[in-house]
Amino acid sequence: MRRVSWVMSSVIVPAVMLGVFAGVSVSSALGAVFEGKSAAFGPSNPFYAKSALPFEAPPFDRIKDGDYEPAIEAGMAEELKEIDAIADNSAAPTFENTVVAMEKTGALFQRAMAAFDGVTGANTNPELERVQKELAPKLAAHRDAIYLNTKLFGRVAAVYEARASLKLSPEGLRLVEVRYRDFVHAGANLSDAEKEKLKKLNEEESTLSNGFRSKVLAATKDAAYATTDKAALAGLTAADLSGAEAAAKERKKEGYVLPLQNTTQQPVLSSLSVRATRQAVFDASWTRTERGDANDTRATIARLAQLRAEKGKLLGHDSYAGWKLEDQMAKTPESALKFMDALVAPSVANAAEEAKDIQGVIDSQKGGFSVEPWDWEFYSEQVRKAKFDIDEAQVRPYFELNNVLENGVFYAAGQLYGLSFKERKDIPVWNADVRVFEVFDADAKPLALFYCDYYKRDNKNGGAWMSNFVDQSKLMGRLPVVYNVANLPKPAAGEPALISFSDVVTMFHEFGHALHGMLADSEYPSLSGTSVARDFVEFPSQFNEHWATYPAVFAHYAKHYKTGAAMPEELAGKIKRAVDFNQGYLLTELVAAAELDMQWHSLPVGEGLQDPDEFERDALEKKGFTLGYVPPRYRSSYFSHIWGGGYAAGYYAYLWSEMLDDDAFQWFQDHGGLTRANGDRFRKMVLSRGNTEDLAKMYEAWLGSAPKVEPMLKYRGLEKPAAK
């Protein structure tokens with residue numbers, strides 16, 4: 000997942016500020032407000048000046064919780080002054096004095112906000128959550144003050160209209176077109192009255208989204224399964240039990256605690272042999288945000304869906320999804336739905352076939368029950384073991400986290416792109432678990448700084464993601480500072496971090512995003528790295544997953560943590576043959592979530608507040624998801640991607656990008672596989688380009704044709720008949 004920056008969030012002007020706007024520009028009024036509130040900001044604040052650390056890395060050893068708010072508010076005030084200077088310029092608008100000038104604004108705001116986003120996502124606390132809540136509507140106001148500034152838009156539009164005669168570079172022309180499109184998409188063409196209405200909608204959306212994130216974080220922590228009965232945890236390994244004991248001690252509880260991850264299904268369900276425990280863990284996950292307490296999110300998402308429908312209508316579309324997709328590769332909800340709908344029947348059919356195998360195991364053991372969601376992981380593991388003779392306990396010792404990182408993830412990047420990595424112990428971090436690496440190019444020149452924060456913590460948002468502390472830009476003379484965050488199980492003290500193969504794939508995935516940021520080679524920061532359409536941004540990350548099973552890479556990292564011995568060929572072969580195992584289930588839960596997202600955001604104005612439970616049930620049934628034992632990957636009430644993570648009407652992007660990445664990997668396979676020549680070509684034509692050209696044309700120029708869905712069906716195991 001690519002974590003969304005403030006710029007891409009839906010944000011707005013607080014209603015309490017509207018009265019101060021009479022007779023002055025929005026940005027001037029807000030600048031005065033922010034400037035007044037940031038009076039305490041001064042040279043002692045670590046964000047006051049550009050960081051002196053290598054790559055301008057944030058000085059986390061000096062940053063205190065109280066430093067963020069004044070720095071961000073001062074940064075907003077400073078940027079709005081810069082924006083007003085551009086808008087009020089008496090000289091005729093030009094590319095340099097308008098579009099390029101905008102690229103140079105907001106340095107203080109960006110460095111403070113990037114660090115704040117990183118820490119609140121991965122290492123938050125009550126004080127930071129308070130600041131986040133306070134800032135949400137102010138950030139909304141800040142973005143609207145820029146994108147709804149009539150004079151500024153007039154200058155941007157003038158440059159856009161004259162672009163053909165300006166003799167711009169291809170990247171400069173792209174910047175003008177993207178900047179103009181962003182203004183129009185944000186509502187710059189609305190009337191003054193419509194803009195005021197939009198600001199109010201954006202304010203409420205921003206506040207609710209922030210509240211949703213806080214509720215899900217707290218609910219996920221509170222819903223962790225706890226027990227003092229060791230027998231209830233039968234099936235867990237000694238290492239798993241040690242981790243559960245450590246989690247209990249950390250929470251000052253007796254016995255054992257099994258923390259929840261953000262998805263519906265929980266990895267621990269594949270091991271727990273006591274059915275009542277499995278059901279309790281699943282129920283804890285399923286109902287985490289539907290308990291009628293302060294962390295119940297249902298009223299929040301019902302209102303979010305309603306106000307987003309209003310926003311879509313205001314911006315000229317039948318639905319929020321229509322507005323959101325107008326600048327994406329899919330272009331329209333109908334296009335995205337046509338793509339997803341075609342996957343429903345074959346994925347559901349495959350899942351039903353898989354369920355027969357699972358039910359067969361249950362019946363053979365005289366279980367006396369029909370498979371339920373909490374049974375799937377446990378019995379599918381037995382089916383996998385029977386079909387492929389794979390035992391997870393045998394596999395994990397070959398996937399020690401550090402070895403996977405350095406001899407797998409980094410090794411593949413070295414083979415493809417000539418990169419090398421050196422750990423830096425002198426760069427301050429936000430938590431002791433975080434590691435930092437300097438990245439060098441093939442010519443030994445410094446290329447980027449990379450942080451990785453892999454272990455789960457209760458004060459960390461769920462899931463895994465990538466983002467930047469510093470964006471690459473030739474204009475600004477900056478190299479990228481990138482980070483990956485995940486929620487892998489932390490071992491007990493002194494124990495090795497042995498992870499599952501799915502965790503291995505997660506590491507490769509997020510590092511694919513990191514490579515997109517590290518290898519950026521753009522002039523302008525707005526077009527750099529991962530600043531691309533939502534349904535393209537997951538392409539480099541999902542493409543990078545393929546190298547996890549590529550023979551030369553797999554052999555390099557799949558080694559026993561004690562002996563260093565390579566994984567036996569027989570066991571390695573079983574893992575690779577089992578790659579498409581359970582794909583019916585996995586694809587069904589993913590498509591179900593994507594369809595659910597699109598249904599929520601296709602609501603027209605006037606439908607009123609929805610009952611989330613009823614809406615979810617009806618939406619899934621309407622699309623043909625009738626298998627009760629395959630729940631969506633995320634339930635509406637804890638679907639953080641769409642309510643608080645920037646993927647609203649965009650979760651389909653994982654599937655759309657999968658079509659691109661499978662087709663891309665097939666190209667590599669057809670042209671010699673893991674070679675520097677292939678990697679350098681991909682880097683030059685795709686990874687380094689960011690958003691500097693039309694993404695569909697970029698992809699086709701590299702591949703030599705439009706993307707094809709057949710490789711996706713092949714890798715998902717859907718090209719063969721579903722029925723046997």
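Sequential numbering from 0 applies to the sequence shown in numbering that gives the first Met the number 0.
Yeah, the Cβ is synthetic: ideal placement off N, Cα and C, and Gly gets one too.
No experiment lies behind these values; they were computed from the predicted model shown.
As assigned by DSSP and simplified to three states, the class of residue i
i: residue 422; result: strand
i: residue 142; result: helix
i: residue 283; result: helix
i: residue 437; result: strand
i: residue 47; result: coil
i: residue 628; result: coil
i: residue 495; result: coil
i: residue 712; result: helix
i: residue 472; result: strand
i: residue 723; result: Only weak support is given to the placement of residue 723: the predicted model assigns it a pLDDT of 40, under 50, and the question is left unresolved by the model.
i: residue 136; result: helix
i: residue 650; result: coil
i: residue 394; result: helix
i: residue 445; result: strand
i: residue 289; result: coil
i: residue 154; result: helix
i: residue 688; result: coil
i: residue 352; result: helix
i: residue 477; result: strand
i: residue 399; result: strand
i: residue 670; result: coil
i: residue 103; result: coil
Contact under 7 Å by Cβ, residue i with residue j
i: residue 70; j: residue 44; result: yes
i: residue 256; j: residue 237; result: no
i: residue 235; j: residue 270; result: yes
i: residue 747; j: residue 111; result: Lying before the first or after the last residue shown, residue 747 is absent from the chain, which here runs from 0 to 723.
i: residue 515; j: residue 529; result: yes
i: residue 397; j: residue 559; result: yes
i: residue 139; j: residue 209; result: no
i: residue 527; j: residue 689; result: yes
i: residue 287; j: residue 222; result: yes
i: residue 725; j: residue 370; result: A query on residue 725 cannot be resolved here, the shown segment of the chain reaching from 0 to 723 and no further.
i: residue 174; j: residue 523; result: yes
i: residue 545; j: residue 664; result: yes
i: residue 686; j: residue 518; result: yes
i: residue 313; j: residue 203; result: no
i: residue 632; j: residue 589; result: yes
i: residue 676; j: residue 624; result: no
i: residue 74; j: residue 108; result: yes
Proximity winner among the options, relative to residue i (alpha-carbon distances)
i: residue 178; options: 101, 167, 139, 229; result: 101
i: residue 643; options: 683, 596, 670, 156; result: 596
i: residue 482; options: 493, 511, 492; result: 511
i: residue 123; options: 636, 558, 459, 518; result: 459
i: residue 533; options: 464, 431, 409, 645; result: 645
i: residue 241; options: 496, 474, 408, 536; result: 496
i: residue 610; options: 253, 448, 51, 289; result: 289
i: residue 189; options: 266, 226, 250, 315; result: 315
i: residue 252; options: 228, 163, 272, 192; result: 228
i: residue 382; options: 360, 500, 564, 465; result: 360
i: residue 501; options: 592, 99, 427, 400; result: 400
i: residue 471; options: 118, 206, 449, 176; result: 449
Bridge partner(s) assigned by DSSP for residue i
i: residue 536; result: Bridge partners of residue 536: none, in fact.
i: residue 452; result: 484
i: residue 522; result: According to DSSP, residue 522 bridges with nothing at all.
i: residue 128; result: Per DSSP, none; premise fails for residue 128.
i: residue 558; result: 565
i: residue 257; result: 224
Any non-hydrogen atom of the ligand FMN within 6 Å of residue i CB
i: residue 682; result: In the structure on display, the ligand FMN does not appear, and there are no ligands present to speak of.
The region 536-545 contacting the region 659-670, beta-carbon criterion three pairs below 8 Å = yes
Contact between the region 576-585 and the region 710-717: three or more CB pairs below 8 Å?
-> yes
Quick check: the region 667-681 against the region 337-346, are there 3 or more CB pairs under 8 Å?
-> no
Do the region 565-574 and the region 275-293 touch if we need at least three Cβ pairs shorter than 8 Å?
-> no
Do three or more CB pairs link the region 649-658 to the region 297-317 at distances below 8 Å?
-> no
Meets three-Cβ-pair contact criterion under 8 Å: the region 144-164 and the region 182-201 | yes
Okay, do the region 447-459 and the region 480-494 touch, 3+ Cβ pairs below 8 Å being the bar?
-> yes
The region 47-64 in contact with the region 462-479 per 3-pair CB rule at 8 Å | yes
Three-pair Cβ contact test at 8 Å for the region 417-430 versus the region 589-605 = no
Touch check for the region 58-65 and the region 423-443: three-plus C-beta pairs under 8 Å?
-> yes
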